[in-house]
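Per the numbering used here, residue 12 is the first one in the sequence shown, and the count goes up by one each step.
Positions of the beta carbon are idealized from the N, C-alpha and C atoms, including for glycine.
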Amino acid sequence: MKLNPNIKIVSDKRETHSKASEEYVSVRFDYPQKTWEGWIPVEYRRTGVSIKTEDELVEYLNNVYAEMNPDNYSAWLESQKEFWAGKKAEITKSFFDCLLEGSWQCADCTLPKNPNFARRIQDLKEFGYTLATNKNKFCTSCNANKTHIMLLPIKRQGVGKSGYEVFSPKLRRRIISVLGGVDAYENKVNAHCLPDHKFSEIRWDDETKENNPDNMTDMEIKNKFQLLTNQRNQQKREVCRTCYQTGVRGTIFGIDFYYEGTKYWDKSIPAKGKSAEKGCEGCPWYDIARWRSELQRRIHQPL
């Protein structure tokens with residue numbers, strides 16, 4: 012397969028957003044109606060995109076180019092209106108509306124003022140939108156380098172498969188009930204906890220995502236989920252991101268204890284995919300309750 016002649020890859024060097032473990036290629040798309048320039052995510056776990064080879068890149072860019080054709084924009088916009096209709100997410104919707112401009116939008120002077128800007132961007136990603144983030148782009152209004160965000164007008168969940176699992180509100184309530192409402196980190200009941208996948212999404216690939224039917228067994232729920240507050244969930248994501256990028260597994264309270272393996276990721280285990288879950292076992296963040304139990308067992312072993 013050949014790259015569409017109307018696509019120009021501006022730079023062979025991938026741009027990165029390390030905090031989100033995202034990578035992009037800078038491109039220019041020439042259409043009869045207009046020219047579009049921006050970054051296309053090629054490593055984007057939210058929608059399961061992970062482009063490694065040249066052939067994969069050519070196929071992916073050709074598909075994105077076709078979907079972003081200005082002739083498709085009206086239909087895309089109409090589908091977004093249907094998506095947002097009746098949704099109680101006014102603050103996040105205000106960010107979406109600003110990003111509809113389609114070009115780079117400065118986080119400081121263009122997007123809505125919000126003390127939790129990063130949360131709003133994350134919400135849009137969790138809704139399935141594809142965003143590019145440039146952490147160091149010059150803003151002519153601010154007269155300084157600022158974070159800029161760009162929304163790609165492609166279908167939610169991207170051109171390809173979503174890397175994220177979903178479950179119904181009914182199953183969410185059942186997971187919380189089966190796990191007793193117990194915050195795995197604090198080891199006490201907390202009404203503000205939500206289900207967390209033990210196996211971090213950053214290590215998923217297209218084949219990892221599974222269905223979560225409402226009739227999952229109690230054992231399936233206990234094996235797959237734990238409960239964490241949003242704050243701890245964000246902390247776990249940072250720990251897992253660092254592990255994925257550096258190969259150094261996380262700790263809790265700085266305690267260098269792993270009931271399986273060592274502080275370093277086992278290089279004989281793939282970094283992504285279903286089999287990667289084996290490399291997470293033993294990390295305190297993977298299964299906090301078991302880690303605590305194993306640690307206590309070791310502490311109380313006879314000398």
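{"Check": "Should residue 26 and residue 50 be called a contact, given that it needs their Cβ atoms to be closer than 8 Å?", "Outcome": "yes"}
{"Check": "Kindly identify the DSSP beta-bridge partner or partners of residue 47.", "Outcome": "40"}
{"Check": "Can you name the start and end residues of the alpha helix (DSSP H) that residue 77 belongs to?", "Outcome": "65-78"}
{"Check": "Given a threshold of 16 other Cβ atoms within 10 Å of its Cβ, counted over all protein chains shown, does residue 247 qualify as buried or as exposed?", "Outcome": "buried"}
{"Check": "How about residue 227 and residue 163: do their beta carbons lie closer than 8 Å?", "Outcome": "no"}
{"Check": "By Cβ distance, which residues of its chain are closer than 6 Å to residue 240, with the 5 residues on each side in sequence left out?", "Outcome": "203 and 204"}
{"Check": "Expressed to the nearest angstrom, what Euclidean distance is found between the alpha-carbon atoms of residue 208 and residue 283?", "Outcome": "15 Å"}
{"Check": "Which same chain residues end up closer than 7 Å to residue 41 when comparing Cβ atoms and leaving out the 5 residues on each side of it in sequence?", "Outcome": "17"}
{"Check": "Among 302, 249, 235 and 279, whose alpha-carbon lies nearest the alpha-carbon of residue 269?", "Outcome": "302"}
{"Check": "Is the beta carbon of residue 148 less than 8 Å from the beta carbon of residue 119?", "Outcome": "no"}
{"Check": "Using the Cα positions of residue 150 and residue 117, report the straight-line distance between them to the nearest angstrom.", "Outcome": "7 Å"}
{"Check": "Where does residue 242 land, buried or exposed, given buried means 16+ other C-beta within 10 angstroms?", "Outcome": "exposed"}
{"Check": "Quick one: residues in its chain with C-beta nearer than 7 Å to the C-beta of residue 290, no 5 flanking neighbours on either side, listed in chain order?", "Outcome": "276, 277 and 280"}
{"Check": "If you measure between the beta carbons of residue 132 and residue 160, is that distance less than 8 Å?", "Outcome": "yes"}
{"Check": "Would the beta-carbon of residue 198 fall within 8 Å of that of residue 192?", "Outcome": "no"}
{"Check": "Does DSSP classify residue 19 as helix, strand or coil?", "Outcome": "strand"}
{"Check": "Would you kindly work out how many angstroms separate the C-alpha atoms of residue 219 and residue 153, rounded to a whole number?", "Outcome": "43 Å"}
{"Check": "Closest by CA to residue 33, which one among 23, 57 and 22?", "Outcome": "57"}
{"Check": "Could you pull the start and end residues of the beta strand (DSSP E) that residue 227 belongs to?", "Outcome": "Per DSSP, residue 227 belongs to no beta strand (DSSP E) and is neither H nor E."}
{"Check": "For residue 195, is the beta carbon positioned less than 7 Å from some heavy atom of the ligand ATP?", "Outcome": "Questions concerning the ligand ATP fall outside what the structure shown contains, since it holds no ligand whatsoever."}
{"Check": "Is it buried or exposed for residue 84, if we count other Cβ within 10 angstroms and need 16 for buried?", "Outcome": "exposed"}
{"Check": "Grab the span of the beta strand (DSSP E) containing residue 26 for me, first residue to last.", "Outcome": "26-28"}
{"Check": "How far does the beta strand (DSSP E) with residue 83 in it reach, from first residue to last?", "Outcome": "No beta strand (DSSP E) holds residue 83; DSSP gives it neither H nor E."}
{"Check": "Work out the CA separation of residue 45 and residue 245 for me, nearest whole Å.", "Outcome": "40 Å"}
{"Check": "If you draw a straight line from the C-alpha of residue 313 to the C-alpha of residue 307, how long is it?", "Outcome": "12 Å"}
{"Check": "List the DSSP bridge partners of residue 9.", "Outcome": "Missing from the structure shown is residue 9; the chain here goes from 12 to 314 and no further."}
{"Check": "Using three-state DSSP, classify residue 269 as helix, strand or coil.", "Outcome": "coil"}
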